[in-house]
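Residue numbers (full-length UniProt numbering), protein chains in the order written: chain C, 1 to 462; chain E, 1 to 309; chain Y, 1 to 272; chain S, 1 to 354.
Please read the structure below before turning to the comments.
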């Protein structure tokens, strides 16, 4: 690395003549001794997560600056919007952090915590900001599982921003036609299949949509194979060992086979590059009976006001149910019902010149007032704080449902660097099953790939 | 008095002219160097240096995140070896060859030349319209274009199915390679068309006229008059188009490499590995292999088109 | 005579097929922006202008188009000028290893456009303090495009008869005057081609502008296009199609301008 | 206006090809001078070296008493017409003609005036706003000439000025060029591979071969007394008869015939010497009856030259050609006799004129 640095210097000198003019550089150098903070999210006004961006720009920044002023500190906060694929956002953050740059406060997906920590892109909060990291009063309100998302090797690396949960959505209108109840709650996979069969015979084009294949990417893992895996009592990684061609995986893949091999799902949709978009559109058009999705689907996709696939009668005709284990009690930890959750984190940049103020800003955005402000006007999401959730979710039956029924049984992905590759391998296994490979074979292939990814059979639980 | 003047010696001209100094403007090496210096400096700093760095990364296990991001290890040829021992790499390579041959060499070069030839001595709105549409396909950003083609080839509401009355026909799934080949032909023809359009302008009309007077068919005119004149342009065109197509990852936006990797060309492979998987070292190694394949292709073209001179 | 008629019929049939091939995929782009809730299906729009209103209200959409124009015009200009000078010098003065150098640079240029090059380019930009600078981005993009541009340009330069330059030289023109008065007009179709090529490359480039420009006010339309998705990555088709339509208008205008002003054709030199 | 002088001028290309080998040449002010020779003889290289487009590797070029050997072409105060005229295709006739003035930073108004003036002089006034691509070959040539005239240079250089014209036009242009040069009085050097052109136009000429000048002289001198067999063979629309012979006392034995010693060689030959006997077919008197000192043989070919015929006789194992005025021509197969004119016949020893 040292060598590279030096050659960089040489090139820098060489290029100095060319770029003499170009060195306008960073927008630094502010007014006097004011503290300047930047905060970034994958959110942008007018685009992706516009509400979140507006909240930061219009509420957090003025309020926080005012609060600091009251304390006698001159703090200026700048919001750096972004609005791209999560992978690209992650790439940019990584590059920034690697080069000692980046915003002082930044939002990351909880699943990146491990790899960012390993790379030195993030530091444990106490190391950065001192005792305040642990003494923040918010921690008391955040459930342990949610706190776990921000932990790596037992240390807190960031603040949890929120979480989500996955359920089975179903179209009540179609269910009624197929003679199925409007308060449907399956207790085993077989009941899902039975419902699918009935839907099919009543003429529903796509009775069941559970994401599969590589085209949908992580959506296949989170809304597909992972909830099924925990439903069969397995996890991708347990106690530091990866799960190979285990029985739970075979069972999960077996369900795929029954759905897509049995004509209960649309195998081609799983292969299309825009398959997930289309599954949303089809659900909204009443062509899909049962769909496994997260609360995001309810909030942003079929939202009658501003969804991308609006359903005017969402509240009347869309039902939801918990995801059952394969059979009652067969889920992980002996659960009857399962789910998967993700969420994002708000981290303090180790390169920040003002880590304490940055931490203050981060905690400020997670204060009850801030969270209530952020989630008002129908912009509800599950916040990390139970005290806040109690208030804001009251008028939202689905969100309350997830918060109260789903989150207690949910599971999280392992926050380690190789997870994305493992996830792709899982997606490939589902793709294989959907296009006809036997589940046992697909599981065996998965194990082989897994060995290559995680560094040999030694890291795989037999 | 008929022999009072001897016939003009046309052949002589070319034979002799080559011996002369080609520095017609009296540039001299020093000034030539000054002319080329700004470009070469930019290239050195922003191209050669980072490109060599990529080649170096290919020899490490560097990753975007994780432990390997903090302390990348030098692994020598491990990446290359694991690439070539990976069957998906080879299938990607084979798909790439199909992609380049089909969409670049046959599709873009063929169609581009055909359009340039058809419109060679036309002016006016028809030419403008055709050229404009072809160029539009080329110049639209890929993010937008991918939507256009999904809308065209979609299984349910796709325009193609509506036109052909073939409901549920799914070209992107059943013929993914053909789809991206046709797509890339549509997308990239403009460049070849423009290049050949400009090159055909350099073919002296008198040569074509004399060939036509000699009763040469269209094909013979092409072969005997046009082709020798634009041979250099054909070489350049093939080289560049192949190079770009090898490295084009736009098919990703259409098929995401699927279904089941059936359209995962090398550039998509690298994108998946490097950007989605974060394995930059491995991605760089595959890029190096692409570079070597391109080198072979370039040498092949050079042999093919220069040898006949 | 019949042969002529058949030829005409054949010609127009071919043109019609070509037009269809190049037009049909574009249909979505003209219908979806005027449709209230567009899907991937091309259908007769209800001619709403709401989508355009939404784009107009978008704080970054329209300014980003200006940024795109700035970036692509700047890059194209730099590429054309530098490539023309370099290609002329390389075409006229024989340097040992010239062709090998050009081929090597061309091959390396392919690696730099690949995904794997983002780390070196980013860190280079950081070291040179070119992060968040549009000029810096222009320089970086130019560096990547130059080899291919020089390569193409050299073909055009090689093809121009030397006697034009000798003639100007005998009349006392300096090398720079010769390039300006004689060479540039002669290779103008080539220059226009390369200029448009450079614009096309920059116009759609997403990754480098996104990585190198953090200030959203400087980001081009390609980056803003990617923001028109939901938090879950679902495309906002009404915004995307509308923005896509607006996004393509400047390049259409550019094409019309360039083809009218400079023409992609040769002037028809002396009969030889 | 200026004289041009070359002193020991050499041009060796990298790789060792000697294009010009130590040439000396003096062209006085106002002369119309031709450089003639077959392809590859170095005539164009010589012209380009005078122009400065090629750099001499030895010797000096002097134009108007100024040594310009190391001077850039543009600073030599010369103007050149190229073989393909090198008219700029993107400029109209006016701009082409006035281009040299543009380089000299002459204002747009005076430039256009000058172009109009010169153009009118060459009969181009109705073509001034056309582009070269819209002109005929002859018109292009006149534009190129006009451009050269507009420079008011000290000397003009023409590289094959007529070779791009078709045959009929070439004859007209020949006359036109000669007249124009007379009127302008500017020292002009032109290159041609066509001996007829050189003979017709030049005041004086140099015949070149393989980088050397083989003869310098007026057209009459070169035609009547070629200095060597190379020039003898190259000049003339019908090639000179060059026949091997031997001196036999007062007479010569050539092609099995006895012929008289030419006037110019009298007293300069020694008995038994091997020589080459040269006589132009035009300087042969043909008769059907045997004659003293004639080449006799069978007529094998009769070529019609219009007002005369070229008759080829087979004398022994060599061919002898004679020009026969119309009405006198023999039939193929006849026996014929050709008597060379003693005052026009020439003797070459080791290739050089005696």
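For each residue, glycine too, the CB sits at the ideal point set by N, CA and C.
Computed from a predicted model, the values in this text were never measured in an experiment.
A straight line joining the alpha-carbon of residue 195/E with that of residue 237/E spans about 7 Å. For residue 301/S, no alpha helix (DSSP H) run applies; the uninterrupted beta strand (DSSP E) run containing it begins and ends at 295-304, by DSSP. Counting only runs of 4 or more residues that sit fully inside the segment 237-308 of chain E, the alpha helix (DSSP H) segments are 251-255, 266-271, 280-306, in chain order. When the five nearest sequence neighbours on each side are left out, the beta carbons in the same chain lying within less than 6 Å of the beta carbon of residue 43/S are those of 35, 37, 191, 208, in order along the chain. Using a 10 angstroms sphere on the CB of residue 170/C, the tally of other CB atoms reaches 16 or more, which defines it as buried. Take residue 115/S, set aside five residues on each side of it, and the residues of its chain with a beta-carbon closer than 6 Å to its own are 94, 97, 98, in chain order. Judged by beta-carbon spacing, residue 303/S lies within the 9 Å limit of residue 310/S, meaning their Cβ atoms are closer than that value. Spatial neighbours of residue 272/S in its own chain (CB-CB distance under 8 Å, excluding positions within 5 residues in sequence) are listed in chain order as 246, 247, 248.
C-alpha of residue 427/C to C-alpha of residue 251/E: approximately 20 Å in a straight line. Looking from the CA of residue 138/E, the closest CA among 15/Y, 147/Y, 252/Y, 3/Y belongs to 252/Y. In this chain, the beta strand (DSSP E) harbouring residue 171/C covers 166-171. For residue 445/C, no beta strand (DSSP E) segment is defined; the enclosing uninterrupted segment is the alpha helix (DSSP H) at 439-454. Of all C-beta pairs linking the segment 408-420 of chain C to the segment 380-397 of chain C, fewer than three are shorter than 8 Å, placing the two stretches out of contact. Residue-level contact check: residue 300/E does not touch chain Y, since none of the beta carbons of chain Y fall below 9 Å from its beta carbon. Taking the Cα of residue 46/E as reference, the smallest distance to any Cα among 162/Y, 78/Y, 124/Y is reached at 124/Y.
At a cut-off of 9 Å between C-beta atoms, residue 13/S does not count as an interface residue with respect to chain Y. When only Cα atoms are considered, residue 29/S and residue 330/S end up about 49 Å apart. Using beta-carbon distances, residue 95/C counts as an interface residue toward chain E, with a partner under 9 Å.
Apart from the 5 residues on each side of it in sequence, residue 56/S sits with its Cβ closer than 7 Å to the Cβ of 9, 10, 11, 49, 69 in its chain, given in chain order. With respect to the 9 Å criterion, residue 264/C and residue 207/C are classified as neighbours on the basis of their beta carbons. Assigned with DSSP and collapsed to three states, residue 170/S falls in helix. Residue pairing for residue 35/C: DSSP places it in a beta bridge opposite 75/C.
Runs of the alpha helix (DSSP H) lying entirely within the segment 125-178 of chain Y and spanning at least 4 residues, in chain order: 134-159, 162-170, 175-178. Taking residue 195/Y as the centre and dropping the five residues before and after it, the same chain places the C-beta of 76, 80 closer than 6 Å to its C-beta, in chain order.
Contacts with chain C at 9 Å (Cβ-Cβ) include residue 146/E. Short of 6 Å from the beta carbon of residue 173/E, and not among the five residues preceding or following it, lie these beta carbons of its own chain, in chain order: 259. Residue 22/S and residue 200/E have their alpha carbons spaced roughly 45 Å apart.
Positions of the alpha helix (DSSP H) runs, each at least 4 residues long and wholly inside the segment 174-235 of chain Y, are given as 175-178, 188-203, 207-212, 221-226 in order along the chain. Chain S has no Cβ within less than 9 Å of the Cβ of residue 103/Y. Any Cβ of chain C closer than 9 Å to the Cβ of residue 57/Y would place that residue at the interface, and such an atom is present. A direct Cα-Cα distance of roughly 17 Å separates residue 256/E from residue 226/Y.
Cβ contact annotation for residue 453/C (same chain, cutoff 8 Å, sequence separation greater than five): 418, 421, 422, 425, in chain order. A Cβ-Cβ separation of about 4 Å places residue 279/S in contact with residue 340/S under the 8 Å criterion. C-alpha of residue 93/E to C-alpha of residue 296/C: approximately 39 Å in a straight line. For residue 208/C, the enclosing beta strand (DSSP E) covers residues 206-209. Just measuring C-alpha positions, the residue of 447/C, 42/C, 34/C sitting nearest residue 246/C is 447/C.
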